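End of the sequence shown sits at 711 in this note's numbering; the numbers just go up one at a time, nothing left out. Just below is one structure, and these are the notes that go with it.
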Amino acid sequence: MYQLYNGHTVITVNDWLASGLSMDMMRNDSKRDGLQIVRRGINGNTLIDVRSIRRSDRRAKIEAAYGQIDNEHNGLLSGRIVPDQKAKDYFDNYTYGEGKHLEDRLKTAYCNGAAILNMLRDSLERCRAARAAAGQQMPFGKFMEAAVAFVKKVSDTWPNSLPGSSKRLKILFKDYLNTGYAALISGKLGNTTAEKLTEEGQRWALAHWATPLGRQTLTQLFNEYNIRAEEAGWKPLRSEQTLYNFLNKPEIKRLWWGARYGELKAKEKFVPQNRTLLASCRDANWYGDGTKLNYFYRDENGKVATCNVYEVVDEYSECLLGYAVSKSEDFAAQYKAYRMALDFSGQKPFQITFDNQGGHKKLMAEEFFGRVSRLAIGTQPYNGKSKTIESVFKRFQEQFLRRDGLIFTGMNITAHKAESRANMEFFEANKASLPTLEEVVKIYAQRRQEWNHAPHPKTGRPRIEMYYSSHNDQCTPIKIWERIELFGLMTKKPITFRSSGLELTVQGIKYAYDVLGQDGFTDMEFRKKHTGAKFYVSYDLEDLSQVVLYAETPEGGRKLVAVAEKYITTHRAKQDQDETDRQLLAQRDMLNKILRAETQEEIEAIMEAEGVHPAQHGLNMPRVRMNNRRRKTKDGDGYGAFTKAVSNLVPAGVDDSETDSFSGY
47 MYQLYNGHTV ITVNDWLASG LSMDMMRNDS KRDGLQIVRR GINGNTLIDV RSIRRSDRRA
107 KIEAAYGQID NEHNGLLSGR IVPDQKAKDY FDNYTYGEGK HLEDRLKTAY CNGAAILNML
167 RDSLERCRAA RAAAGQQMPF GKFMEAAVAF VKKVSDTWPN SLPGSSKRLK ILFKDYLNTG
227 YAALISGKLG NTTAEKLTEE GQRWALAHWA TPLGRQTLTQ LFNEYNIRAE EAGWKPLRSE
287 QTLYNFLNKP EIKRLWWGAR YGELKAKEKF VPQNRTLLAS CRDANWYGDG TKLNYFYRDE
347 NGKVATCNVY EVVDEYSECL LGYAVSKSED FAAQYKAYRM ALDFSGQKPF QITFDNQGGH
407 KKLMAEEFFG RVSRLAIGTQ PYNGKSKTIE SVFKRFQEQF LRRDGLIFTG MNITAHKAES
467 RANMEFFEAN KASLPTLEEV VKIYAQRRQE WNHAPHPKTG RPRIEMYYSS HNDQCTPIKI
527 WERIELFGLM TKKPITFRSS GLELTVQGIK YAYDVLGQDG FTDMEFRKKH TGAKFYVSYD
587 LEDLSQVVLY AETPEGGRKL VAVAEKYITT HRAKQDQDET DRQLLAQRDM LNKILRAETQ
647 EEIEAIMEAE GVHPAQHGLN MPRVRMNNRR RKTKDGDGYG AFTKAVSNLV PAGVDDSETD
707 SFSGY
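Dropping the structure here:
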């Protein structure tokens, strides 16, 4: 039976024998007639490229048993990709949301996808007709496997958004056959509020949700809005979710929170807060893999210990490009090793091959590898693709690391030769003389240099000479301005920007950031729009003084919003404060009061315009409390005493704490 393997149409040795051919025929043809063995295997599972069978008697036997070898896709796919002008017209004119047109990137992907699916559709029809004429059934599953392989093969020249799995491509293909071009449009496109509130409706909803005259549930507001919509000629809403989405926009929530729950609670939630210090501290293919560093060392407690090393190796020259020594293989070690390799190379590799082991987060690692190379291929451990670097490790250990007899731990547990094991008697007698980890790293660095300057086993030339004398015009040199983008890591999940700034945790340590204006103080306009918003954060492990904030777009992409700096901190204890601390605190306090007052004025103006301001109903609107100690209430008590008295009215056992949700929703 024909199979597809890495773009080749193949059969196994067992299939070869079952067709009536012999092992001697296979061996003779592979030596004399160019028969290509695609992959060696055991138990008759060696793969043979059927298109490399040159002798007609052999081809006749194979085709008699398994069908005609008529093209590289075993007769399942034929024809060529032809641009579809109708698809171009369709996607050029496609709109979503409020008349938005598709981005050029999406138009290209969708048009190419349509052209590829058209070719698959025509191939399927020809294949079904041919099979029916021969009285055979159509192997649709095999067809889709061939289709997936074909899509992957042409994606570089025909960029598209087609799925990479047989199951998902099968679903999309069937949908395309039934519905046409619309099947290619992403379901996430324009995934925002389907219904839009008019400007008048927005003000009405905001005012009636904010007013303290009477708290409504979201359902009540929804019902009342539709009554008002009928009177005002607005388009009625079909779902409460429309109101929920509008009221929960960060720039809208900031306006109603104080009026609904109290301005002091809004101050805690939206107004920038002070963060204080407690009183008085870096080419065709690169392989990357981690392994045990075969050296003993003495740790900080005097105990015998071992550690790990992550190495990046150039496949062509076997030159060791970058490494990182760590106690365990984690993402930080991989990041440092690849950063060193890129500094060593000065250009991005075409491909990076790595396994999926280690303590790092798989998706995060793949995202990083995808940025530093054109192809990033994750493999399973111990398969053929990982043998190159495993061979390098083995020879590196045998030829260089083993020289350091005292600290050499021996090779891996599968090694049986005595030469591959440590002399434990000698080790026990001298373990007090073991070097520290820092000294071991220096020894290891020297052995790497010796390996790179030693002759390559095939060419006899020094590995480093092979590397530097070689040229790869498919690789892109790294320019200085690319480094920040190249080495920046992106958080897997978005992080909320709160009144206290944005907190990013890196390797267990929390870092706080704020967006600053041109004057060096908190950017209040940014705060008005984005307090409570979620951002994906791009950062550099080697430089955490700045981070870049990205917001998710309705189309599912990300756009740059701002650059954030380390949060300005001041000392908490008066004794530790200097003049700079006092000036910063005073400036922050003034800006906070201005923000609070502006917020109060803005929402009161909206309520007044809608006729729901308390003053229009004979009631007073609470003033913004500026913590002026000289201000007294009519009873002579300060505001603190007033709030204390109110708290005493709350019955015991009742939880009156703030919740970040709507009442009744």
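Note that beta-carbon positions come from the ideal geometry of N, C-alpha and C, so glycine has one too. Quick caveat: nothing in here was measured; it's all calculated off a predicted structure.
Could you give the first and the last residue of the continuous alpha helix (DSSP H) run that contains residue i?
| i | result |
| --- | --- |
| residue 576 | 570-576 |
| residue 382 | 377-391 |
| residue 478 | Per DSSP, residue 478 belongs to no alpha helix (DSSP H) and is neither H nor E. |
| residue 511 | 509-515 |
| residue 310 | 309-316 |
| residue 610 | Where residue 610 is concerned, there is no enclosing alpha helix (DSSP H), although the beta strand (DSSP E) it sits in stretches over 604-612. |
| residue 187 | 186-200 |
Beta strand (DSSP E) containing residue i: first to last residue?
| i | result |
| --- | --- |
| residue 598 | 589-598 |
| residue 646 | Element bounds for residue 646: not the beta strand (DSSP E) but the alpha helix (DSSP H), 625-655. |
| residue 400 | 397-401 |
| residue 555 | 555-560 |
| residue 491 | Counting along the chain, residue 491 falls outside any beta strand (DSSP E), though it belongs to the alpha helix (DSSP H) covering 483-499. |
| residue 295 | Taken as a continuous stretch (DSSP letters only), residue 295 belongs to no beta strand (DSSP E), as it is neither H nor E. |
To the nearest angstrom, how far is the alpha carbon of residue i from that of residue j?
| i | j | result |
| --- | --- | --- |
| residue 98 | residue 86 | 16 Å |
| residue 206 | residue 524 | 27 Å |
| residue 314 | residue 360 | 54 Å |
| residue 72 | residue 196 | 28 Å |
| residue 354 | residue 594 | 32 Å |
| residue 266 | residue 670 | 29 Å |
| residue 418 | residue 522 | 10 Å |
| residue 390 | residue 374 | 24 Å |
| residue 59 | residue 90 | 5 Å |
| residue 261 | residue 631 | 36 Å |
| residue 270 | residue 663 | 20 Å |
| residue 576 | residue 665 | 32 Å |
| residue 393 | residue 416 | 14 Å |
| residue 68 | residue 231 | 52 Å |
| residue 401 | residue 64 | 36 Å |
| residue 512 | residue 505 | 9 Å |
| residue 639 | residue 656 | 26 Å |
| residue 312 | residue 293 | 15 Å |
| residue 567 | residue 442 | 55 Å |
| residue 76 | residue 95 | 11 Å |
| residue 330 | residue 157 | 31 Å |
| residue 155 | residue 480 | 60 Å |
| residue 548 | residue 578 | 10 Å |
| residue 438 | residue 445 | 10 Å |
Measure the beta-carbon distance from residue i to residue j and round it to whole angstroms, keeping in mind my assumption that it falls under 8 Å.
| i | j | result |
| --- | --- | --- |
| residue 604 | residue 597 | 7 Å |
| residue 653 | residue 275 | Going by Cβ atoms, the distance from residue 653 to residue 275 rounds to 19 Å, so no, they are not a contact pair. |
| residue 542 | residue 343 | Wrong, their Cβ atoms sit about 43 Å apart, outside the cutoff. |
| residue 246 | residue 280 | 7 Å |
| residue 212 | residue 194 | 5 Å |
| residue 509 | residue 364 | 5 Å |
| residue 399 | residue 423 | 5 Å |
| residue 251 | residue 243 | 6 Å |
| residue 218 | residue 229 | 6 Å |
| residue 381 | residue 358 | With a Cβ gap of about 11 Å, residue 381 and residue 358 do not count as contacting. |
| residue 387 | residue 367 | 4 Å |
| residue 149 | residue 601 | 7 Å |
Per DSSP, residue i forms a beta bridge with which residues?
| i | result |
| --- | --- |
| residue 338 | 354 |
| residue 372 | 354 |
| residue 581 | 541 |
| residue 551 | 556 |
| residue 423 | 399 |
| residue 332 | 360, 398 |
| residue 536 | 584 |
| residue 156 | Note: residue 156 sits in no beta bridge, so no partner. |
| residue 523 | 393 |
| residue 147 | 141 |
| residue 344 | 350, 482 |
| residue 366 | 359 |
| residue 442 | Residue 442 pairs with nothing; no bridge assigned. |
| residue 454 | 341 |
*Inside the segment 64-144 only - alpha helix (DSSP H) runs reaching at least 4 residues*: 69-78, 102-112, 131-139
*Taking the runs of the alpha helix (DSSP H) that are 4 residues or longer, which of them lie wholly in the segment 205-292?*
212-225, 245-256, 264-278
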